[in-house]
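So the protein sequences, as listed, match chains A and B.
According to the working numbering, the first sequence is numbered sequentially starting from 1.
According to the working numbering, the second sequence is numbered sequentially starting from 1001.
Heads up, the beta-carbon is just placed ideally off N, CA and C, and yes, glycines get one too.
Nothing here was measured: the structure is a model prediction, and the numbers come from that model.
Reviewing the structure listed below.
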Amino acid sequence: MKGMSKIVKTVANFVYGFIIIFGFYIIVHGHLTPGGGFQGGAVVASAFALALVSYGSVNSQKFLKKDIFSLFESFGLTLFIVLAFSGLGITFFYNFLANSGNWFGDAAVIGTNPGNMNTGGLIPLMNIAVGLEVLSALGVIVLVMAKGAEFTRKKENS
Amino acid sequence: MKKIIFAVAFLIFASFLLVSAINMRTFGDPAISDMDDYFIENAQKETGANNVVTSIVFDYRGFDTLGEATVLFTAVVGIVALFRGVKK
């Protein structure tokens, strides 16, 4: 894939950061608003796909690295499993931080309210872990497939 | 002969689907709602999260989410293995 025109590149430069910020907003507010790790990760990965389409697969290799993505992916899944095991004093996946009063441990406010970030116990941490895994997993898929398409076209031309 | 077997199988299958569609309960009126009532009553108090759907997905059914994340990981491993011969 070659890059697209200058107009597309400029607009992509402008929108790229906002899409990533919006995706991380969805991930971090997973326990208060609709959304969560999977949805927010997909939004962030769509920003990577936008960069790949507008700049072309050769140019975007400079700032989208496959090795870093696969590292983050393994880290996210491992963090999720470690968080699941950390409640093992009672059961697997026990939410021991909820309503405990310290980290993420406030009681939820019931009724119409703007939402308190410091609630939910393990749920926000698990959202972050899953979000990290999903965004880098979809990033790896997009990058590897773009590289494969480039390879196929080069072979057909020669 | 083959066509007759296909027609008979189709009729039996379609009649099963039709019967179950006719006997379906009206929307919002489940037969057994103990589990739903429990989640609506206690999810916010027990997990401390305002979003009940997230509290089910990441707390009550956390094992299911672990499976989903593992499926995604396996899909990525398969794709990377499929494209491993691609050089720059």
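State the Cα-Cα distance for the pair residue i and residue j, rounded to the nearest angstrom.
| i | j | result |
| --- | --- | --- |
| A:Phe-24 | B:Ala-1007 | 53 angstroms |
| B:Phe-1039 | B:Val-1080 | 40 angstroms |
| A:Phe-92 | A:Ile-20 | 33 angstroms |
| A:Gly-115 | B:Asn-1050 | 7 angstroms |
| A:Val-107 | B:Gly-1062 | For the record, residue 107 of chain A in the displayed sequence is Ala; it is not Val. Near 20 angstroms, if we compare the C-alpha coordinates of B:Gly-1062 and A:Ala-107. |
| B:Asn-1031 | B:Ile-1022 | In the sequence as displayed, the identity of residue 1031 of chain B is Ala instead of Asn. The alpha-carbon atoms of B:Ala-1031 and B:Ile-1022 are separated by roughly 15 angstroms. |
| A:Ile-7 | A:Phe-80 | 41 angstroms |
| B:Leu-1018 | B:Ala-1069 | 36 angstroms |
| B:Phe-1083 | A:Gly-148 | 7 angstroms |
| A:Gly-105 | A:His-29 | 15 angstroms |
Please go through the same chain and pick out, in chain order, the residues whose beta-carbon is closer than 6 angstroms to the beta-carbon of residue i, but skip the five residues on each side of it.
| i | result |
| --- | --- |
| B:Val-1057 | Thr-1065 |
| A:Phe-72 | Leu-132 and Ser-136 |
| A:Leu-50 | Ala-12 |
| A:Ala-45 | Leu-135, Leu-138 and Gly-139 |
| A:Leu-77 | Glu-133 |
Could you name the residues of the same chain whose beta carbon sits closer than 7 angstroms to that of residue i, not counting the 5 residues immediately before and after it, in chain order?
| i | result |
| --- | --- |
| B:Asp-1059 | Thr-1047 |
| A:Ile-26 | Gly-35, Gln-39, Gly-40 and Val-43 |
DSSP state of residue i, grouped into three classes?
| i | result |
| --- | --- |
| A:Asp-106 | strand |
| A:Thr-33 | coil |
| A:Thr-119 | strand |
| B:Ala-1009 | helix |
| A:Arg-124 | The displayed chain sequence assigns Pro, not Arg, to residue 124 of chain A. Here A:Pro-124 sits in helix by DSSP. |
| A:Ile-90 | coil |
| A:Ala-149 | helix |
| A:Asn-95 | coil |
| A:Gln-61 | coil |
| B:Asn-1051 | coil |
Give me, in chain order, the residues of the same chain whose beta-carbon lies closer than 8 angstroms to that of residue i; leave out the 5 immediate sequence neighbours on both sides.
| i | result |
| --- | --- |
| A:His-31 | Thr-119, Gly-120, Ile-123, Pro-124 and Asn-127 |
| A:Ser-70 | Ser-136 and Val-140 |
What are the residues in the stretch 1026 to 1044 of chain B lying within 7 angstroms of chain A by C-beta distance? Answer in chain order: Gln-1044.
Chain-ordered residues of the stretch 1063 to 1077 of chain B with a beta carbon less than 9 angstroms from chain A: Answer set for the stretch 1063 to 1077 of chain B: Phe-1063, Thr-1065, Leu-1066, Glu-1068, Ala-1069, Thr-1070, Leu-1072, Phe-1073, Ala-1075 and Val-1076.
At a Cβ cut of 8 angstroms, what residues of the stretch 23 to 34 of chain A count as close to chain B, listed as they run along the chain? Across the stretch 23 to 34 of chain A, CB contacts with chain B closer than 8 angstroms involve Gly-30, His-31, Leu-32, Thr-33 and Pro-34, in sequence order along the chain.
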